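This report concerns only the one structure given below.
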Amino acid sequence: MSESNQTSNHTTPVSLWFWVIGAIALLWNLMGLMAFAVQMAMTDETIAKLPEAQQEIYRNMPSWVIVCFAFAVCFGVLGCVLLLLRNKLAIPALILSLIGVLGQYGYMFFISNTAEVMGAGAMVLPAIVVLISIALVPYAISCKQKGKLK
Numbered sequence: 008m009s010e011s012n013q014t015s016n017h018t019t020p021v022s023l024w025f026w027v028i029g030a031i032a033l034l035w036n037l038m039g040l041m042a043f044a045v046q047m048a049m050t051d052e053t054i055a056k057l058p059e060a061q062q063e064i065y066r067n068m069p070s071w072v073i074v075c076f077a078f079a080v081c082f083g084v085l086g087c088v089l090l091l092l093r094n095k096l097a098i099p100a101l102i103l104s105l106i107g108v109l110g111q112y113g114y115m116f117f118i119s120n121t122a123e124v125m126g127a128g129a130m131v132l133p134a135i136v137v138l139i140s141i142a143l144v145p146y147a148i149s150c151k152q153k154g155k156l157k
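Using my numbering, the letters of the sequence shown map in sequence onto residues 8 to 157.
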């Protein structure tokens, strides 16, 4: 391999923190994927066991919100895997995940009555999801700018 080929494939060494952040982000997104799988596996019998108000939330949820949830978790996992592989395609994957998160939780916060039914305390985890999703995009962009992603 010529020296010019070696230079073009070179990426900047990364610190332990890169791997820690990437691994935690991947685990976080895998938990989201599990939550999605659990929600998709809910049967009518399972939903019928919930309080009436929660049943209405599930029954009235538009299909596009479920699609947003799928985008959020699938592209979130993909983005974090690509980040750990030091691949620059992590950036568009994490942007697509963020779009899914904003669609899903935009519905929850501003369109549905989820906060009213579940209580304000139930909005803490979704707020954390939004913040982490937002933070991962500039983090990945920064990694690219610093030469950590190729």
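Ideal Cβ placement from N, Cα and C applies to all residues, glycine included.
Keep in mind that this is a model prediction, so the values were computed, not measured.
Smallest Cα separation from Phe76: which of Cys150, Leu40, Gly86?
As a first step, residue 76 is located in the sequence shown; it is residue number 69 there, counting from the start. Considering only alpha carbons, the answer is Leu40.
State the DSSP-derived secondary structure class of Thr19, mapped to helix, strand or coil.
Working through the sequence shown from its first residue, we reach residue 19 at position 12. Coil, per DSSP.
Once you ignore the five residues that flank Trp35 on each side, which residues in its own chain have a CB closer than 7 Å to its CB?
Here the question's residue 35 lines up with position 28 in the sequence shown. The beta carbon of Trp35 is closer than 7 Å to those of Ile139 in its chain, skipping five residues each way along the sequence.
With burial defined as no fewer than 16 other Cβ atoms inside 10 Å of the residue's Cβ, what is the status of Met115: buried or exposed?
Taking the sequence shown and counting its residues from 1, one reaches residue 115 at position 108. Met115 counts as buried, since at least 16 other C-beta atoms from the protein chains shown sit within 10 angstroms of its C-beta.
Could you check what DSSP says for Thr121 in three-state terms: helix, strand or coil?
Residue mapping note: residue 121 aligns to position 114 of the sequence shown, counting from 1. When DSSP states are grouped into helix, strand and coil, Thr121 belongs to the helix group.
In or out: Gly126 buried (at least 16 other Cβ within 10 Å) or exposed?
One-based indexing of the sequence shown puts residue 126 at position 119. The Cβ neighbour count for Gly126, taken over all protein chains shown within 10 Å, is under 16; the residue is labelled exposed.
I think Gln62 touches Ile54, with their Cβ atoms under 8 Å apart; what is that distance to the nearest whole Å?
What you label residue 62 is simply residue 55 of the sequence shown in a count that begins at 1. What you label residue 54 is simply residue 47 of the sequence shown in a count that begins at 1. A Cβ-Cβ distance of about 5 Å is found for the pair Gln62 and Ile54, placing them in contact under the 8 Å criterion.
Length of the line joining the Cα atoms of Pro133 and Val21:
Start at 1 with the first residue of the sequence shown, and residue 133 comes out as number 126. Start at 1 with the first residue of the sequence shown, and residue 21 comes out as number 14. Taking the straight line joining both Cα atoms gives about 31 Å.
Below 7 Å CB to CB, which residues in the same chain sit around Val80 once its five sequence neighbours on both sides are set aside?
Taking the first residue of the sequence shown as position 1, residue 80 is located at position 73. Excluding positions up to five away in sequence, the list reads Asn36, Gly39, Leu40, Phe43.
Specify the secondary structure class of Asn94 as computed by DSSP and reduced to three states.
The count along the sequence shown starts at 1 and reaches residue 94 at position 87. Coil.
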